[in-house]
Amino acid sequence: MRIWGLGALLLLSLAGPAFAETASSDAAAAIAAATKNADASSGTQAAVSLDRHFTTNALDSDLAFSDFYRELRGSLFHTFKQSNGYIRLGGAFRATSYDRIRIEDDRSLILLAEAYRHLTDRIELRGTLTWRLASIGDDLRIGDLAIGTRTRSNDFGGALQAGIDLGGGNALILEAGDTVERYGKARFQDDLIRPAKIEPDRNRLALGATWRHTDGRLRYGVAVSAAFVNTEKLGDPPIAYSLANYVLRGEIHYETAGGTAIEASLGVAMLKGAHGIYEETRPAYSLLVKQPLKGGIELRGSLTGSYDLLDGDDPLAGWRQRLEFEANFPLGEAVAFGIGVFHQREDNLFLGNTERSNGVYLEFDYAVRKDTTLVARADFSECRTSVVDTRKKTLDTFLGFRTKL
12 MRIWGLGALL
22 LLSLAGPAFA
32 ETASSDAAAA
42 IAAATKNADA
52 SSGTQAAVSL
62 DRHFTTNALD
72 SDLAFSDFYR
82 ELRGSLFHTF
92 KQSNGYIRLG
102 GAFRATSYDR
112 IRIEDDRSLI
122 LLAEAYRHLT
132 DRIELRGTLT
142 WRLASIGDDL
152 RIGDLAIGTR
162 TRSNDFGGAL
172 QAGIDLGGGN
182 ALILEAGDTV
192 ERYGKARFQD
202 DLIRPAKIEP
212 DRNRLALGAT
222 WRHTDGRLRY
232 GVAVSAAFVN
242 TEKLGDPPIA
252 YSLANYVLRG
262 EIHYETAGGT
272 AIEASLGVAM
282 LKGAHGIYEE
292 TRPAYSLLVK
302 QPLKGGIELR
312 GSLTGSYDLL
322 DGDDPLAGWR
332 QRLEFEANFP
342 LGEAVAFGIG
352 VFHQREDNLF
362 LGNTERSNGV
372 YLEFDYAVRK
382 DTTLVARADF
392 SECRTSVVDT
402 RKKTLDTFLG
412 FRTKL
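Residue 12 is where the sequence shown starts when you use my numbering, and the numbers rise one by one after that.
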């Protein structure tokens with residue numbers, strides 16, 4: 012049966028929260044993951060991972076449906092080394108495929124070009140261009156009914172970073188980046204609704220400057236940043252709003268001779284929503300402690316509090332506070348065991364909803380050979396929300412492998 016009379020935006024206004032990540036948050040995470048492990052060494056680098064998952068909550072919502080799914084990731088980069096820098100070209104892909112709940116299948120491809128150069132003995136410059144294509148599966152909630160949606164997206168990004176050695180252990184880092192997100196019309200499961208746009212286009216501009224001083228094992232500094240998200244008006248009232256975020260913080264990092272590392276930052280963050288819908292300044296903070304022990308054991312703890320500009324559950328943004336503890340134990344030359352717990356509170360700033368989450372994970376790694384690792388992992392999490400009064404529990408387990416080619 013086709014529903015022509017009800018527009019998709021009207022259904023959105025009636026729909027409950029799906030608790031799924033938005034396309035915006037998925038894009039940002041995918042680009043970060045694609046670039047974080049690529050280094051500046053000359054030549055070709057490739058990596059592939061394949062996981063087989065079982066989850067008790069395929070929709071990632073209070074409607075719990077269990078399913079099996081596969082997750083395939085891969086990346087390929089080639090670096091052209093030069094006397095005063097390098098040029099890197101490459102790409103990364105990710106695909107998930109569910110056995111039964113196919114509406115959650117995702118596909119994405121990222122292409123990247125990066126250039127790094129020493130302009131002088133004291134000045135370094137790095138530029139990056141990215142292009143991401145994606146097919147995003149999700150669900151539209153109407154009460155206890157979940158209708159599958161599929162949206163195609165194009166994301167274009169560029170960033171420029173300059174590092175200046177000021178002498179005497181002082182450095183200045185200047186950063187600027189812009190990402191343009193474009194989304195097509197969503198197609199609905201079984202053509203129950205005409206294709207309609209349900210994800211607004213966005214432009215994300217980020218600017219930053221950091222001064223750092225290094226004195227042996229001690230590093231400290233001051234950082235200032237600004238982020239502007241210009242969001243297309245979609246729906247009445249809009250399903251998402253434009254915003255501006257300003258942050259000023261001091262930071263410090265210290266590492267002892269025994270390997271203990273402490274990294275902390277403290278400052279203020281201000282968020283302004285469009286049309287005067289929200290304006291507030293809050294303390295922003297972070298603390299990270301790493302403690303190595305005998306036998307290769309490592310303990311790690313972190314605490315953060317900051318605005319979440321990628322919060323998919325709120326039309327504006329969220330305020331996230333998160334506490335994590337992790338421990339890693341080598342059980343031999345080729346086997347390692349890890350365990351971690353977290354507690355998180357996220358306040359949806361526009362909706363006034365509060366999400367409280369707790370979770371734990373267990374992971375075993377077995378190095379089959381130098382470049383190939385088998386991984387077995389189980390994650391359990393529970394999330395409770397205040398205003399809509401829902402609870403979701405999720406168990407996700409997987410067996411997979413990681414290899415570098």
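Every residue gets a Cβ at the ideal spot worked out from N, C-alpha and C, and that includes glycine. Values in this document were obtained by computation on a predicted structure and should not be read as measured data.
Cβ-based neighbour list, residue i, same chain, cut-off 6 Å, excluding 5 preceding and 5 following
i      : result
Leu120 : Phe104, Leu144
Leu123 : Gly101, Thr141
Ile273 : Tyr265, Val300
Arg111 : Asp78
Phe353 : Glu335, Gly370
Ala275 : Ile263, Leu298
Asn181 : His224
Glu393 : Asn369, Lys404
Ile175 : Ile134, Leu183
Leu17  : Low per-residue confidence applies at Leu17: pLDDT is 30, beneath 50, and the placement is therefore not dependable enough to give any value.
Ala217 : Gly188, Ala238
Ala34  : Confidence is the limiting factor: at Ala34 the pLDDT is only 45, short of 50, which leaves the residue's position unreliable and the question unanswerable from this model.
Ala285 : Tyr252, Ser253
Arg311 : Lys301, Glu337
Cβ-Cβ distance between residue i and residue j below 7 Å
i      : j      : result
Arg81  : Ser53  : no
Leu171 : Ala187 : yes
Gly211 : Glu243 : Inspection of the sequence shows that residue 211 is occupied by Pro rather than by Gly. Their beta carbons are under 7 Å apart, which means Pro211 touches Glu243 by this criterion.
Tyr289 : Leu360 : yes
Ala173 : Leu136 : yes
Ala280 : Tyr318 : yes
Thr396 : Glu357 : no
Thr271 : Gln302 : yes
Asn339 : Glu291 : no
Phe391 : Asp62  : no
Tyr377 : Ala328 : no
Thr162 : Ala197 : yes
Thr190 : Gly219 : no
Arg333 : Thr315 : yes
Sequence-distant residues of its chain with Cβ nearer than 8 Å to residue i (five each side left out)
i      : result
Asp150 : Ala29, Ala31, Leu70, Ser72, Ile114, Glu115, Ala157, Ile158, Gly159, Thr160
Asp117 : Asp37, Arg105, Ala106, Thr107, Ala145, Ser146, Ile147, Gly148
Thr67  : Ala75, Ser77, Lys404, Thr405, Leu406, Asp407
Beta-carbon separation (whole angstroms), residue i vs residue j, contact threshold 8 Å
i      : j      : result
Ser240 : Leu254 : The question names Ser, but residue 240 is Val in the sequence shown. Indeed, because the Cβ distance is near 5 Å, the residues count as touching under 8 Å.
Ala295 : Gly269 : Not really, about 30 Å apart at Cβ, beyond 8 Å.
Gly411 : Val386 : 5 Å
Pro326 : Ile250 : 6 Å
Asp166 : Glu192 : 5 Å
Contacting residues, own chain, Cβ-Cβ under 7 Å from residue i (five flanking each side not counted)
i      : result
Thr401 : Asp73
Ser313 : Leu298, Leu299, Glu335
Gly232 : Thr221, Trp222, Arg223, His224, Glu262
Arg13  : Residue confidence is low: Arg13 scores 34 on pLDDT, short of 50, so the model does not pin down where it sits. Its coordinate-derived value is still stated next. Closer than 7 Å at Cβ, skipping near neighbours: Asp202, Leu203.
Residue i at chain B interface by Cβ criterion, 7 Å
i      : result
Ser253 : Within the model displayed, chain B is absent; a lone protein chain is all it includes.
**OP:** Take every Cβ of the segment 372-385, pair it with every Cβ of the segment 340-355, and state whether three or more of those distances are shorter than 8 Å.
**Re:** yes
Subject >> Inside the segment 329-381 only - beta strand (DSSP E) runs reaching at least 3 residues >> reply: 329-341, 346-359, 365-380
Original post:
Unbroken beta strand (DSSP E) runs of length 3 or more, entirely within the segment 67-132: which are they?
Top reply: 78-93, 96-109, 117-129
Subject >> Any 3 or more C-beta pairs closer than 8 Å across the segment 83-92 and the segment 126-135 >> reply: no
**OP:** Mind the definition here: the segment 382-399 touches the segment 407-416 only if three or more C-beta pairs lie below 8 Å; say whether that holds.
**Re:** yes
**OP:** Enumerate, from N- to C-terminal direction, the unbroken beta strand (DSSP E) stretches of 3 or more residues contained entirely within the segment 156-213.
**Re:** 156-178, 181-194
Original post:
Where in the segment 204-286 do unbroken runs of the beta strand (DSSP E), each at least 3 residues long, occur, reported from the N-terminal end onward?
Top reply: 213-226, 229-242, 254-266, 272-284
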